[in-house]
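The opening residue of the sequence shown carries number 60 in the numbering used here; numbering runs sequentially from there.
All C-beta atoms, glycine included, are put in the ideal place defined by N, C-alpha and C.
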Amino acid sequence: MVLEAIKKRQSVRSYQVKEIPEELLQQILEAGRLAPSAKNTQSWKFIVVKDKDLRKKLVPACKNQEFVGEAPVVIAGCATNIDYVMTNGEHAYSIDLAIALDHMSLQAASLDLGTCWIGAFYQDQVKKILGVPEDVRIVNLLTLGYPKELGPKTRRKPLSEIVCYDKYTS
């Protein structure tokens, strides 16, 4: 069932003008809430942007990606603790938020809703529009809605190109 949602998910950049029922939105947010995080810190906040005027203001802050303003919902994934560094040397916040937003994206796909990860945005502009404090970092935006049209599925490399056993091989 999870693999079906993974195979179904694709980036959607064209949305129907159709409101998302609150029950479905809550299921998607719950999927993010249940995501694992480093040391179970759950150092995140999710801003659900439904207001049409706010969504339109996000468009120039997202490098003029018009579909950001057309999606009925935009979710901003915000890291509330950007200082924690894991033993491997990586900051936890970007990984934690990626997991949570991916959970949301897969739950949306399972409900026949589309999403698109938005990493192309100006942090300072989006923070100002959404009233995000200086010490909080917006990691990603996720558009959400009923797909109007789907683009072609992107190619994925075969497992034989990306999986090594026991040791790294070229």
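{"Check": "For GLN135, which three-state DSSP category applies?", "Outcome": "It is Ala, not Gln, that sits at residue 135 in the sequence shown. ALA135: strand per DSSP, three-state reduction."}
{"Check": "Who are the Cβ neighbours of TYR181 in its own chain at under 6 Å, not counting the five residues just before and after it?", "Outcome": "ALA120"}
{"Check": "Does DSSP put ASN147 in a helix, a strand or coil?", "Outcome": "coil"}
{"Check": "Given that a residue counts as buried once 16 or more other Cβ atoms are within 10 Å of its Cβ, and exposed if not, what is LEU156?", "Outcome": "buried"}
{"Check": "Answer with buried or exposed for TYR227, where buried requires no fewer than 16 other C-beta atoms within 10 angstroms of its C-beta.", "Outcome": "exposed"}
{"Check": "Could you compute how far the alpha carbon of ASP110 sits from the alpha carbon of ASP225?", "Outcome": "50 Å"}
{"Check": "Determine the burial state of GLU129: buried for a count of at least 16 other Cβ atoms within 10 Å of its Cβ, exposed for fewer.", "Outcome": "buried"}
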